[in-house]
Amino acid sequence: MTEENRGTETRKQGRQGAVIKIAVVAFLAFVCFLGYLFLSETREDTLKAGKDLIKSISGYQPVKVAETIEKDLTYILEEHNTGLNLELVRRTITGTIDKVYKKDYTIHIPHLYEGKFTFDGYAEIKCPVTYSYYVSLDGDWKIILKNSIVMVHAPGIETGNPQIDTSRLKERFEGNPIVFDRDMALKRLRSDLTREFKIIGEEQRSISYVREDCRRQVERFVRTWLLNKEHIEAVIVVFEDDEVLTQKAEVIEQDQEYLEIRKSVR
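Every letter in the sequence shown is one number past the one before it in my numbering, and letter 188, counting from 1, is 247.
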């Protein structure tokens, strides 16, 4: 076979291959058209199927929008409420009660001398006092769980009666023994101890170590006892009397173990 004949044969085979390819493509298009007409109920179904196929091939994953889930869980506390108080903090301090005395004397000697004198006296009682701070379980509570965060609205902090350790009581008096009756002054001061230490306890509610320790204890109570089966990321506690009290007691804090609070009696 000559070179010219071989070239002619090659071109003929190429044309035949192209024709075959065109025939195959046309056949596939015809099959797809039949599927479009007969296999899908609606055009929308076909488009949806095509989109789903593209998504599966490309690894497309739809973005999930986080749902806001809010649940009022106050009922859990109400179910366990026994009408008792929840003690949060107990701490012993050194309580000091003092009082300043003044007496004026006028000396008058006709035609010779007249003068006025003021005498000062000071009485002080110091002893350990233990206080307990609590919230009422029967009070106005609100417990809301929202996206794994718990918001707790608790009643105000209350103070129990002071427990006075009179066995370690220390007394001090300074003043002129002719002008002042030392025993009477200290006796009157002792009679005011319970009332004055109760006032100190109420004023302590505004001190940070009491308030923030109480806040942590309420958080622990909610996590451990009320919502121990819930997934919780954070607990926020707000007391009813937050930012209402103002500190009035004279605080002398030397370290974490020793705290002295002084109150003067009028």
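Beta carbons are placed, not taken as given, at the ideal position from N, Cα and C, and that holds for glycine. All figures in this text were calculated on a predicted structure; none of them were measured in a lab.
Where residue 253 is concerned, the enclosing alpha helix (DSSP H) starts and stops at 252-263. In the DSSP assignment, residue 183 falls within the unbroken beta strand (DSSP E) covering 172-195. Going by beta carbons, residue 180 and residue 164 fall outside the 8 Å limit. Boundaries of the alpha helix (DSSP H) harbouring residue 267: 267-280, taken from the DSSP string. Judged by beta-carbon spacing, residue 263 lies within the 8 Å limit of residue 190, meaning their Cβ atoms are closer than that value.
In the structure shown, residue 242 adopts helical secondary structure according to DSSP, grouped into three states. For the pair residue 211 and residue 147, the Cα-to-Cα distance works out to about 15 Å. Close CB contacts of residue 274 within its chain, under the 8 Å cut and outside five residues either way in sequence, are with 296, 298 (chain order). For the pair residue 248 and residue 324, the CB atoms are nearer than the 8 Å cut-off. For residue 165, the uninterrupted beta strand (DSSP E) run begins and ends at 144-168, by DSSP.
Under DSSP, the beta-bridge partners assigned to residue 212 are 201, 297.
Here residue 323 carries a strand assignment [DSSP, helix/strand/coil]. Your pair residue 186 and residue 136 does not check out as a contact, with CB atoms roughly 38 Å apart and the cut at 8 Å. Judged by pairs of C-beta atoms under 8 Å, the stretch 170-184 does not touch the stretch 192-200, as fewer than three such pairs exist.
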